[in-house]
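Presented below is the structure to which this report refers.
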Amino acid sequence: MELFSPLGVLGVFAGLLLSVFLFLVVYFAYCHSLYAHIPGPKRDSFFTGNMSTLRKRVHEGSNLPEYLYDLMKEYGPVYHIFLMHRAIVMALDAPFHKEVFTTVAHIKPYSGYRYLSNVFGTRFMGNGLITETVPSKHAKRRALFSPAFHRKYLMSLMDQFNFSADVLVNRLTTIADGKTEVAMLDEFNRLTLDVIAKVAFDLRLNITEETESPFVKALTMTMQGIQNSFKAPWKEFSPLPSDRQYRHQVGEAITFLRETGRECVKRRLEAKRKGEDLPQDILTYILQASEDLEGDEDFKMEEMLDEFVSFFLAGQETTANTLAFALVELGHHPDVMHRLKTEAVAVMGDNDYVAYSDLGKLDYMMMVLKETLRLWPPAFSTSRDLGYDVEVRGYTVPAGTTVWLNAYVMGRNGEYFKNPLDFDPDRFKDNEDKTLYAYFPFSLGHRSCIGQPFALIEARVIMAKLLKKFDFELVPGQGFEILQELTLKPKGRSRNYITLAE
16 MELFSPLGVL GVFAGLLLSV FLFLVVYFAY CHSLYAHIPG PKRDSFFTGN MSTLRKRVHE
76 GSNLPEYLYD LMKEYGPVYH IFLMHRAIVM ALDAPFHKEV FTTVAHIKPY SGYRYLSNVF
136 GTRFMGNGLI TETVPSKHAK RRALFSPAFH RKYLMSLMDQ FNFSADVLVN RLTTIADGKT
196 EVAMLDEFNR LTLDVIAKVA FDLRLNITEE TESPFVKALT MTMQGIQNSF KAPWKEFSPL
256 PSDRQYRHQV GEAITFLRET GRECVKRRLE AKRKGEDLPQ DILTYILQAS EDLEGDEDFK
316 MEEMLDEFVS FFLAGQETTA NTLAFALVEL GHHPDVMHRL KTEAVAVMGD NDYVAYSDLG
376 KLDYMMMVLK ETLRLWPPAF STSRDLGYDV EVRGYTVPAG TTVWLNAYVM GRNGEYFKNP
436 LDFDPDRFKD NEDKTLYAYF PFSLGHRSCI GQPFALIEAR VIMAKLLKKF DFELVPGQGF
496 EILQELTLKP KGRSRNYITL AE
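My numbering puts the first residue of the sequence shown at 16, with every later residue one more than the last.
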């Protein structure tokens with residue numbers, strides 16, 4: 016009978032807690048032992064690992080890429096950190112990257128992409144091309160999209176790229192007084208949103224001209240929600256009225272985006288059934304390949320909406336951020352700016368239209384963009400879970416380990432890039448100083464960005480037209496501080512004074 020007395024129950028409960036505690040101690044110690052041979056910073060605590068330092072660095076104005084770069088300088092190209100019991104390994108080594116990028120046994124970890132799949136319980140990107148972690152399913156989905164990015168289709172986009180860039184040129188002409196501060200990051204964001212909406216889904220959002228767009232507001236709210244769900248995951252379950260209201264607002268924003276896509280797809284399907292002429296855009300290609308969303312049980316309307324929102328997230332902000340970073344670098348390097356403007360004017364001549372045949376002549380511009388992406392890759396990191404043990408520089412990284420492949424840190428690795436902190440576009444002349452698998456702003460291998468050619472064509476058209484038309488002067492006080500909001504962007508928003516070129 017004493018076993019069921021209050022003291023007896025309390026004793027049993029205490030024993031259970033002690034058993035759980037001892038089990039966790041043994042388990043955490045085992046996890047630590049697996050990586051004892053790999054260098055890394057001292058853990059802040061036995062149970063939380065390096066999480067306190069990481070959060071402190073981020074809250075003090077630093078960010079994850081800069082923290083990881085500092086660790087590389089201190090511990091070398093191979094090191095680890097602990098997030099609770101879980102080890103994360105950084106291996107800044109080109110052969111290791113080749114192994115990880117090109118082998119399907121090393122898969123994307125779901126834990127790294129669940130914040131994009133569902134945001135505070137509301138489906139956002141679901142199991143789309145970016146978030147799908149199962150290699151066979153990803154390969155199947157990528158094959159569905161590949162026809163939409165062939166060379167002939169990209170050539171057909173030149174009119175739209177030029178038209179959209181001209182809308183921005185006309186807008187900037189009205190404020191090109193040399194006195195008005197223009198946040199070019201914001202201008203690029205609106206322009207690239209308009210472009211992806213039109214060329215992918217034949218949507219005319221007119222965001223470049225209408226700055227108070229409900230679509231932009233919904234997309235901004237969603238991206239803030241993703242960032243907050245990553246930084247403060249407890250908000251998803253918080254009973255506080257303020258957190259409940261915030262979850263509701265993020266959910267409404269996501270619903271607005273997905274319903275916009277649903278209406279767009281429904282209209283296209285109806286037009287297709289009626290035999291109307293269809294725009295030869297990405298949506299039409301996808302519907303043809305998927306037999307109007309009926310040919311594959313794994314690709315119905317909701318999966319199509321996963322891709323709809325994925326295109327806006329991946330196909331818009333990364334290009335805008337790259338152009339904004341490029342203008343910041345050009346503002347600090349007038350010699351590069353002069354050389355780039357000279358090339359743009361020489362290639363375009365008296366013509367205000369950038370033809371597809373002109374792109375191959377913009378050699379220096381491509382070098383500038385590549386160098387910008389080396390130092391400031393918007394999609395700065397990806398990750399994989401190792402399918403088997405991998406040797407790297409004398410260290411064995413165990414199977415099951417999550418490895419971070421960080422383009423930002425790798426681009427600053429002096430072993431592969433001479434004077435890595437210098438902005439030197441000529442390092443990409445004849446691939447000089449460029450080592451395969453050391454440079455991967457668009458990722459590499461079977462998970463590389465399918466939209467890379469699209470982004471680089473769009474960026475060259477926009478940059479050529481802007482540099483021919485305007486002179487840019489960076490607003491003083493802007494250095495190279497970065498803001499990490501899912502992607503990397505210049506903290507000063509690339510503010511410029513603009514005047515008409517003589």
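Glycine is no exception: its CB is placed at the ideal position from the N, C-alpha and C atoms.
Let me know if GLY310 comes out buried or exposed under the rule of 16 or more other beta-carbons within 10 Å of its beta-carbon.
Exposed: under 16 other Cβ atoms inside 10 Å.
When you compare only the Cα positions, how much space is there between ILE145 and GLY330?
11 Å
May I have the straight-line CA-CA distance separating LEU374 from VAL265, to the nearest angstrom?
40 Å
Hey, quick one: how far does the alpha helix (DSSP H) through SER132 stretch, first residue to last?
129-132
PRO110 - containing alpha helix (DSSP H), residue span
It spans 109-117 - the alpha helix (DSSP H) in which PRO110 sits, taken as one unbroken run.
Which residues bound the alpha helix (DSSP H) around ARG354?
349-363
Do you know how far the Cα of LYS506 is from the Cα of ASP448?
Low confidence applies here, because ASP448 scores a pLDDT of 49, under 50, leaving its location unreliable; read the following figure in that light. Just so you know, the alpha carbons of ASP448 and LYS506 end up roughly 29 Å apart.
At which residues does the beta strand (DSSP E) containing LEU172 begin and terminate?
It is not in any beta strand (DSSP E) - LEU172 carries neither H nor E in the DSSP assignment.
Three-state secondary structure (DSSP) at MET140?
coil
What's the gap between the Cα of MET12 and the Cα of PHE487?
Given a span of 16 to 517 for the chain in the structure shown, any question on residue 12 remains unanswerable.
Just to confirm the assignment: which complete alpha helix (DSSP H) runs, minimum length 4, are found wholly within the region 378-463?
378-390 and 422-425
Quick test of the definition: if touching needs 3 or more C-beta pairs under 8 Å, does the region 288-308 touch the region 100-115?
no
Looking at the secondary structure, which residues open and close the beta strand (DSSP E) in which TYR94 lies?
93-98
Determine the extent of the beta strand (DSSP E) in which LEU503 is found, giving its start and end residues.
502-505
DSSP three-state label for GLY64, please.
In the structure shown, GLY64 falls within a strand segment according to DSSP collapsed to helix, strand and coil.
By the DSSP assignment, the beta strand (DSSP E) with LYS194 in it spans what residues?
192-198
Check for me: the alpha helix (DSSP H) holding VAL280 runs from which residue to which?
Counting along the chain, the alpha helix (DSSP H) containing VAL280 begins and ends at 256-288.
Can you tell me where the alpha helix (DSSP H) holding THR146 begins and where it ends?
That residue, THR146, is in no alpha helix (DSSP H); it is neither H nor E in DSSP.
Sorted by chain position, which residues of the same chain lie with C-beta nearer than 6 Å to ALA120's C-beta, five sequence neighbours on each side aside?
GLY402
I'd like the list of long-range same chain contacts for LYS123, defined as Cβ closer than 6 Å, with 5 residues on each side in sequence excluded.
THR148
Quick one: any contact between the region 49-67 and the region 408-420, if contact means 3 or more CB pairs under 8 Å?
yes
Find out if the Cβ-Cβ distance for the pair ALA479, VAL369 is shorter than 9 Å.
yes
When the Cα of LEU420 is compared with those of MET382, ARG462 and LYS433, which residue comes out closest?
Of the candidates MET382, ARG462 and LYS433, the one whose C-alpha sits nearest the C-alpha of LEU420 is ARG462.
Any idea what DSSP makes of VAL104, helix, strand or coil?
strand
Take every Cβ of the region 376-392, pair it with every Cβ of the region 87-102, and state whether three or more of those distances are shorter than 8 Å.
no
Between the C-alpha atoms of VAL531 and LEU272, what's the straight-line distance to the nearest angstrom?
Because the chain spans 16 through 517 in this model, residue 531 falls outside it and cannot be assessed.
Could you spell out where the alpha helix (DSSP H) holding ILE513 opens and where it closes?
Per DSSP, ILE513 belongs to no alpha helix (DSSP H); it is in the beta strand (DSSP E), 510-515.
Backbone CA spacing between GLU312 and GLU322 [nearest angstrom]:
16 Å
Roughly how many whole angstroms lie between the Cα atoms of ASP367 and LEU183?
13 Å
Hey, out of LEU503, ASN511 and SER396, whose CA is closest to LEU481's CA?
The residue from LEU503, ASN511 and SER396 with its alpha-carbon nearest to that of LEU481 is ASN511.
Which residue wins for smallest C-alpha separation from LEU83, given the options ASN428, ASP445, GLU473 and THR275?
ASN428
In terms of alpha-carbon separation, which member of TYR431, LYS167, LEU131 and ALA339 lies closest to ASN243?
LEU131
Would you kindly work out how many angstroms separate the C-alpha atoms of THR188 and LYS232, rounded to a whole number?
26 Å
Is DSSP giving ILE465 helix, strand or coil here?
Residue state, collapsed to three classes: coil.
Opening and closing residue of the beta strand (DSSP E) in which LEU604 lies:
In this structure the chain extends from 16 to 517, so residue 604 is not present and cannot be described.
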